[in-house]
Amino acid sequence: MDFLLFLFCLNLFIHLFDKYVKTFLVNQGFRVYARFSGSPEFKSYNDLRLQLLSTKRDLNNVSAQDEFAKWARLNRKFDQLNVKWEKQSKIVSQKSEGVKKLISLTFWIVTRGYRFIVQFKNSGNPVFAVPEGMLPTWALWFLALPKAKTGYVSVAVWNFASQKVISTLL
Amino acid sequence: MSLEPLPGTLENLLEQTSLKWIFVGGKGGVGKTTTSCSLAIQMSKVRKSVLLISTDPAHNLSDAFGTKFGKEARLIPGFENLSAMEIDPNASIQEMLEQSEQQNPNNPMSGMMQDLAFAIPGIDEALAFAEVMKEVKSMNFDCVIFDTAPTGHTLRFLNFPTVLEKALAKLSGLTSRFGPLINQMSGMLGTNTNQEDIFAKMEGMRGSISEVNKQFKNPDLTTFVCVCISEFLSLYETERMIQELTSYEIDTHNIVVNQLLLDPDTKCPQCIARRKMQQKYLSQIEELYEDFHIVKVPQVPSEVRGTEALTKFSDLLIHPYVKE
Chain A
128 MDFLLFLFCL NLFIHLFDKY VKTFLVNQGF RVYARFSGSP EFKSYNDLRL
178 QLLSTKRDLN NVSAQDEFAK WARLNRKFDQ LNVKWEKQSK IVSQKSEGVK
228 KLISLTFWIV TRGYRFIVQF KNSGNPVFAV PEGMLPTWAL WFLALPKAKT
278 GYVSVAVWNF ASQKVISTLL
Chain B
89 MSLEPLPGTL ENLLEQTSLK WIFVGGKGGV GKTTTSCSLA IQMSKVRKSV
139 LLISTDPAHN LSDAFGTKFG KEARLIPGFE NLSAMEIDPN ASIQEMLEQS
189 EQQNPNNPMS GMMQDLAFAI PGIDEALAFA EVMKEVKSMN FDCVIFDTAP
239 TGHTLRFLNF PTVLEKALAK LSGLTSRFGP LINQMSGMLG TNTNQEDIFA
289 KMEGMRGSIS EVNKQFKNPD LTTFVCVCIS EFLSLYETER MIQELTSYEI
339 DTHNIVVNQL LLDPDTKCPQ CIARRKMQQK YLSQIEELYE DFHIVKVPQV
389 PSEVRGTEAL TKFSDLLIHP YVKE
């Protein structure tokens, strides 16, 4: 019974994690990476972003009507920075794509990979018994796939059923 | 950096004998046409032959000189080496389409191909412009002055010559590949396709567009004169235009500031207030565009129309204002 609940909770957790938490964690993980990796692309991207923001702030503080020359100079600077920033952000997004994929893969191994190992290791262990006479023999044979004893529900089938129910309901 | 301000006249344009194309542009109502006419008059004094072209659909040249101009270059009455013409970029492309429609009517294929070709944004303007340039080149003028449309759209296509070229190359590649198929099909259907001619035309255009581009980016041959008035919006537009021109690599080093109240002893309260505002923006212009020739043109009491008035006015572009 414990094993049954454990498997169900594991499936529930994986489902919820994939649906609500994963993207957030991947983004956070990427931010941490970008911060501490010391890669020059990310650094100059961040620098540019900061410069862009401060220029924008300056621009908002200068009245275009009263100090047009100053305003126009700032505006030129802003435009220049913007072009550079966009170029850099293209490079960074290409690079970040790879990093994010890697983080996702790690999460995948930790969650789904773990479930797979559990399922593989316990492929012969039954989860619970089907009451006798409830189902015909061929149905029992299916429920026991791949290696559990006939008359019992295997881990693989139980996992499959849990996933179906969870993804339908949640 | 303390540089002497550059002289505030357009004399530098008269002295630069290599100049072939001069564009005059700015927002509507700032005196573009007056400025371009005046500049043309001054240019005609130092050059062999000058052509003034208006690409503005509103056609102000006819009004300014009091003579009707059309698509053909015509001498302006009272001048021996100054001609003018008015073209409408949109109308000329329409004409071209209609022409090819007439040549082969009831041909569904060519219509489709044309739609496809003209789906490229701005291509109509670019093609019309290339057409005009071809004509102008064959006419052999010493110097050509363009009075551009208020939005400066005439120059927009300079932004995407490469896009245009790529698109055209792709299209012509497409026809050479599918042309035989289309021909066969239309042969079976009993229609007669010759979509080749429009693409041949486009290929020709492509050549002239890229050549025109090359010339426009050469500061020895081409320059752009910005016209503005000393007001915020006009200034703002001018700054944007100058940035745009810089991004197209088109030379610009002259700004004409029109409609200025330059008399310091003016008495009427409204004039004093207006003068104060103009001076404020003028000082900003001088600060921002220190490497430009800033031409200060006073507001004149009457409308500048007719050859005589224009000739008199044109002097103000060359000789700075002195209080009478």
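As given, the protein sequences belong to chains A and B, one line each in that order. So the first sequence is residues 128 to 297, counted in the working numbering. So the second sequence is residues 89 to 412, counted in the working numbering. All residues carry an ideal CB built from backbone N, CA and C; glycine is no exception. Source: prediction; values computed, not measured.
Asked: Would you mind listing the beta strand (DSSP E) stretches within the region 136-183 of chain B that are 3+ residues and don't spill past its ends, in chain order?; Found: 138-142 and 170-174
Asked: So B:Q387 packs on B:L348, CB below 8 Å; how close in whole Å?; Found: 6 Å
Asked: Does A:C136 pass the burial test, meaning 16 or more other C-beta atoms within 10 Å, or should it be called exposed?; Found: exposed
Asked: Roughly how many angstroms separate the alpha carbons of A:F151 and A:R162, rounded to a whole number?; Found: 17 Å
Asked: Taking CB distances under 8 Å as the criterion, tell me whether A:D185 reaches chain B.; Found: no
Asked: Once DSSP output is grouped into helix, strand and coil, what is the label at A:V245?; Found: helix
Asked: Just verifying my parser: in three-state terms, what is the DSSP assignment at A:D145?; Found: helix
Asked: Under three-state DSSP, which class holds A:N286?; Found: helix
Asked: Within this structure, are the beta carbons of B:V112 and B:D230 separated by less than 8 Å?; Found: no
Asked: Using a beta-carbon distance cut-off of less than 9 Å, what residues from the region 166-197 of chain A approach chain B?; Found: A191, Q192, D193, E194, F195, A196 and K197
Asked: Go through its chain and collect everything with a Cβ distance to B:L147's Cβ below 6 Å, but skip five positions before and after it.; Found: Sequence check: residue 147 of chain B is His here, not Leu. Hits under 6 Å: E174.
Asked: Could you please tell me which residues of the region 364-376 of chain B, in chain order, have their CB closer than 7 Å to any CB of chain A?; Found: Y369, Q372, E375 and L376
Asked: Of all the options B:A237, B:L98 and B:R135, which has the alpha carbon lying nearest to the alpha carbon of B:G116?; Found: B:A237
Asked: Around the Cβ of B:K384, are there at least 16 other Cβ atoms within 10 angstroms (buried) or fewer (exposed)?; Found: buried
Asked: Exposed or buried, which one is A:F243 when buried takes at least 16 other CB atoms within 10 Å?; Found: exposed
Asked: Could you check whether the Cβ of B:S90 sits closer than 8 Å to any Cβ belonging to chain A?; Found: Low local confidence applies: a pLDDT of 49 at B:S90 is under 50, so the model's placement there is unreliable, with the coordinate-based value given in what follows. Not closer than 8 Å to any Cβ of chain A, the Cβ of B:S90 fails to qualify, so no.
Asked: Using 8 Å as the limit for Cβ to Cβ distance, is A:D145 near chain B?; Found: no
Asked: A:S164 by DSSP, collapsed to three states: which one?; Found: coil
Asked: Report the start-end ranges of each beta strand (DSSP E) in the region 327-409 of chain B that is 3 residues or longer and not cut off at the edges.; Found: 340-348 and 381-386
Asked: On the three-state DSSP scale, how would you describe B:S322?; Found: helix
Asked: Taking C-beta pairs closer than 7 Å, name the residues in chain B that A:A199 reaches, listed in chain order.; Found: E327 and L376
Asked: Using a threshold of 8 Å, state whether the C-beta atoms of B:V313 and B:V345 are closer than that.; Found: no
Asked: Which residues does DSSP pair with B:I233 in a beta bridge?; Found: B:I110 and B:L140
Asked: What does the alpha-carbon distance come out to for the pair B:T340 and B:T123?; Found: 16 Å
Asked: Measuring alpha carbon to alpha carbon, tell me which of A:S220, A:V210, A:L297 and A:K291 ends up nearest B:S335.; Found: A:V210
Asked: Take the Cβ of B:G154 as the centre, count every other Cβ of all protein chains shown within 10 Å, and call the residue buried at 16 or more, exposed below.; Found: exposed
Asked: Mind checking who A:P253 pairs with in its DSSP beta bridge?; Found: A:S281
Asked: Got a sec, what are the start and stop residues for the beta strand (DSSP E) B:V313 sits in?; Found: T310 to I317
Asked: Once you ignore the five residues that flank A:Y160 on each side, which residues in its own chain have a CB closer than 7 Å to its CB?; Found: V226
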